[in-house]
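K.L.:
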Ligand SMILES: Nc1ncnc2c1ncn2[C@@H]1O[C@H](COP(=O)(O)OP(=O)(O)OP(=O)(O)O)[C@@H](O)[C@H]1O
Ligand SMILES: [Mg+2]
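Residue numbers (this note's numbering): 426 to 687.
In structure tokens:
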């Protein structure tokens with residue numbers, strides 16, 4: 426507990442993401458309320474919880490796609506809801522997002538997919554855009570696949586291409602929705618390694634949604650767990666400490682791979 430409070434104090438100085446009392450509902454479907462946390466620079470922060478509890482929705486709130494029904498969100502030191510117009514567009518170019526589905530454009534090569542954000546948001550000439558995109562593909566180990574179409578690569582490669590595209594503009598903050606879902610354990614471990622290296626070497630901050638216990642323990646500095654029945658957060662902290670000490674039955678069941686008590 427002491428260690429956790431230390432982390433909380435350290436974070437206050439330089440939070441990259443803050444959520445304060447965030448609530449979200451779609452019509453009468455109240456997903457969660459009172460979601461509060463902050464993410465420090467260079468941290469890998471994991472959002473977990475069962476299917477349908479609102480993890481992807483929380484990511485969409487954090488990148489400004491939806492407005493919360495209550496609460497405040499801060500991104501890179503700016504209040505997300507109050508930042509409008511050109512300042513908002515500028516703020517959003519400093520976030521990278523990899524969607525749950527990958528969302529690559531099927532008619533474009535991987536290189537062209539990674540060049541897209543550069544075309545939209547920079548004045549770089551084509552040769553420079555291509556060079557930057559090649560560097561990003563190299564970072565995720567896809568140099569040799571630059572000219573392939575999404576249909577010509579494996580699921581793991583598509584995930585890595587999605588990360589390369591999310592990194593095109595060198596964002597200090599990256600959001601990944603289930604980066605390792607559907608990948609074999611070795612590919613998934615490779616992706617975890619990549620995330621850890623980027624956080625450590627480039628100081629990139631990651632907010633990652635995942636169900637994969639191995640991944641959470643391998644990459645997560647801290648996590649929160651959302652729960653559909655509780656309509657909110659049921660755990661927050663170091664995933665290894667939660668595995669060893671959590672008392673909430675759902676949290677224990679998740680971290681210890683136990684069937685929840687009836
Ligand atoms: N745009 C929307 N309009 C209405 N309801 C939505 C919308 N987006 C999500 N929902 C609902 O909100 C709930 C949470 O969805 P969300 O995609 O956030 O879950 P999740 O935790 O990411 O699940 P999974 O692990 O399956 O990806 C679901 O019941 C879903 O049907
Ligand atoms: Mg989801």
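All C-beta atoms in this analysis are idealised placements derived from N, C-alpha and C, irrespective of residue type, glycine included. If you're wondering where the values come from, they're calculated on a predicted model, not measured in any experiment.
Exposed or buried, what is residue 509 when buried is set at 16 or more other beta-carbons lying within 10 Å of its beta-carbon?
P.N.:
Here the question's residue 509 lines up with position 84 in the chain shown. In summary, residue 509 is exposed, with fewer than 16 beta-carbon neighbours lying within 10 Å of its beta-carbon over all protein chains present.
K.L.:
Identify which residue in 661, 441, 623 has its Cα closest to the Cα of residue 565.
P.N.:
What you label residue 565 is simply residue 140 of the chain shown in a count that begins at 1. Of 661, 441, 623, the residue nearest in Cα terms is 623.
K.L.:
Say yes only if the C-beta of residue 561 is nearer than 7 angstroms to one or more non-hydrogen atoms of ligand 1, and no if none qualify.
P.N.:
Start at 1 with the first residue of the chain shown, and residue 561 comes out as number 136. Every heavy atom of ligand 1 is 7 angstroms or more from the Cβ of residue 561, so no.
K.L.:
Can you tell me whether residue 615 sits near ligand 1, meaning its C-beta is under 7 angstroms from at least one heavy atom of the ligand?
P.N.:
Within the chain shown, numbered from 1, the residue matching residue 615 stands at position 190. Distances taken from the Cβ of residue 615 to the heavy atoms of ligand 1 include none shorter than 7 angstroms.
K.L.:
Could you check the C-alpha separation between residue 519 and residue 544 for me, to the nearest Å?
P.N.:
For the purposes of this step, residue 519 is identified with residue 94 of the chain shown, where counting begins at 1. For the purposes of this step, residue 544 is identified with residue 119 of the chain shown, where counting begins at 1. Their Cα atoms are separated by approximately 15 angstroms.
K.L.:
Is the beta carbon of residue 649 closer than 8 angstroms to that of residue 666?
P.N.:
As a position in the chain shown, residue 666 is number 241, starting the count at 1. As a position in the chain shown, residue 649 is number 224, starting the count at 1. The answer is no: Cβ separation not under 8 angstroms.
K.L.:
Could you tell me the boundaries of the beta strand (DSSP E) in which residue 495 lies?
P.N.:
Taking the chain shown and counting its residues from 1, the one referred to as residue 495 is at position 70. From DSSP, the beta strand (DSSP E) with residue 495 extends over 495-500.
K.L.:
Is the stretch 608-616 touching the stretch 577-590 in the sense that three or more CB pairs, one from each, lie closer than 8 angstroms?
P.N.:
yes
K.L.:
May I have the straight-line CA-CA distance separating residue 402 from residue 638, to the nearest angstrom?
P.N.:
Lying before the first or after the last residue shown, residue 402 is absent from the chain, which here runs from 426 to 687.
K.L.:
For residue 728, which of helix, strand or coil comes out of DSSP?
P.N.:
The shown model of the chain, from 426 to 687, leaves out residue 728, and the question about it has no answer.
K.L.:
Using alpha carbons as the reference points, say which of 524, 681, 625 lies closest to residue 465.
P.N.:
Stepping through the chain shown from its first residue, residue 465 is reached at position 40. Cα-wise, what sits closest to residue 465 is 625.
K.L.:
Hey, is residue 536 close to ligand 1, as in C-beta under 7 angstroms from one of its heavy atoms?
P.N.:
Numbered from its first residue, the chain shown carries residue 536 at position 111. No, since every heavy atom of ligand 1 falls outside the 7 angstroms radius drawn around the Cβ of residue 536.
K.L.:
If I follow the unbroken alpha helix (DSSP H) through residue 453, where does it start and stop?
P.N.:
Against the chain shown, residue 453 aligns to sequence position 28. No alpha helix (DSSP H) holds residue 453; DSSP gives it neither H nor E.
K.L.:
Which residue from 499, 441, 590, 478 puts its Cα closest to that of residue 530?
P.N.:
Position 105 of the chain shown, counted from the first residue, corresponds to residue 530. Measuring C-alpha to C-alpha distances from residue 530 to each of 499, 441, 590, 478 identifies 590 as the nearest.
K.L.:
For ligand 2, is there any heavy atom lying closer than 7 angstroms to the beta carbon of residue 633?
P.N.:
Along the chain shown, read from residue 1 onward, the residue named residue 633 stands at position 208. Answer for residue 633: no, Cβ out of range of ligand 2.
K.L.:
Can you give me the start and stop residues for the beta strand (DSSP E) that residue 630 sits inside?
P.N.:
For the purposes of this step, residue 630 is taken as residue 205 along the chain shown, with counting starting at 1. 630-634 is the extent of the beta strand (DSSP E) around residue 630.
K.L.:
Out of 451, 441, 443, 439, which has the shortest C-alpha to C-alpha gap to residue 656?
P.N.:
By 1-based counting over the chain shown, the position of residue 656 is 231. Answer by Cα proximity: 451.
K.L.:
Kindly list the residues whose CB is nearer than 6 angstroms to the CB of residue 434, restricted to its own chain and excluding five residues on each side of it in sequence; keep chain order.
P.N.:
Taking the chain shown and counting its residues from 1, one reaches residue 434 at position 9. Low per-residue confidence applies at residue 434: pLDDT is 39, beneath 50, and the placement is therefore not dependable, though the value from the model is reported in the following sentence. Hits under 6 angstroms: none found.
K.L.:
Can you check which of these residues, 522, 573, 502, is closest to residue 536 by C-alpha distance?
P.N.:
Sequence index remark: in the chain shown, residue 536 carries index 111 (1-based). Measuring from the Cα of residue 536, the nearest candidate turns out to be 573.
K.L.:
Which runs of the alpha helix (DSSP H), 4 residues or longer, sit entirely within the stretch 521-608?
P.N.:
With a minimum length of 4 residues, the continuous alpha helix (DSSP H) runs that stay inside the stretch 521-608 are 535-546, 551-564, 580-591.
K.L.:
Return the residue from the list 601, 616, 463, 678 that minimises the CA-CA distance to residue 522.
P.N.:
Numbered from its first residue, the chain shown carries residue 522 at position 97. Comparing Cα-Cα distances from residue 522 to each of 601, 616, 463, 678, the minimum goes to 601.
K.L.:
Could you tell me which residues DSSP pairs with residue 503 in its beta bridges?
P.N.:
Within the chain shown, numbered from 1, the residue matching residue 503 stands at position 78. According to DSSP, which records beta bridges pairwise, residue 503 is partnered with 500.
K.L.:
According to the neighbour-count rule (16 or more other Cβ atoms, all chains shown, within 10 Å of its Cβ), is residue 570 buried or exposed?
P.N.:
Within the chain shown, the letter at position 145 stands for residue 570. It counts as buried.
K.L.:
Starting from residue 662, trace the alpha helix (DSSP H) both ways and give me its first and last residue.
P.N.:
Residue numbering aside, residue 662 sits at position 237 when the chain shown is read from its first letter. Where residue 662 is concerned, there is no enclosing alpha helix (DSSP H), although the beta strand (DSSP E) it sits in stretches over 657-662.
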